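Per my numbering, the sequence shown starts with residue 14, numbered consecutively. For glycine and all other residues, C-beta sits at the position ideal for the given N, C-alpha and C. What you are looking at is a predicted structure, and each value in this text was computed from that prediction instead of being measured. A short write-up of the structure that comes next.
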Amino acid sequence: PLTFQYALDNSRQLSVSHLAGIILSFARLNFQPSGSEDFFNM
């Protein structure tokens with residue numbers, strides 16, 4: 014989804030609470046990104 018790509022592209026500029034909210038939203042949806050290594054290395 015676009016939100017996932019946005020989070021990857023802007024991870025340095027987002028606050029910790031914003032990133033945590035995005036991650037929790039994905040967890041609630043049981044979202045498993047195809048590029049999970051990139052996602053978890055933010």
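Taking all protein chains shown into account, do 16 or more other C-beta atoms lie within 10 angstroms of the C-beta of Ala-20, making it buried, or fewer, making it exposed? Classification for Ala-20: buried.
Please report the straight-line C-alpha distance between Phe-17 and Ser-24, rounded to a whole angstrom. One Cα belongs to Phe-17, the other to Ser-24, and the distance between them is close to 10 Å.
I need the straight-line Cα distance from Gly-34 to Asn-43, nearest angstrom please. One C-alpha to the other measures close to 14 Å.
May I ask which residues mark the beginning and end of the alpha helix (DSSP H) holding Arg-41? In the DSSP assignment, Arg-41 falls within the alpha helix (DSSP H) that extends over 29–41.
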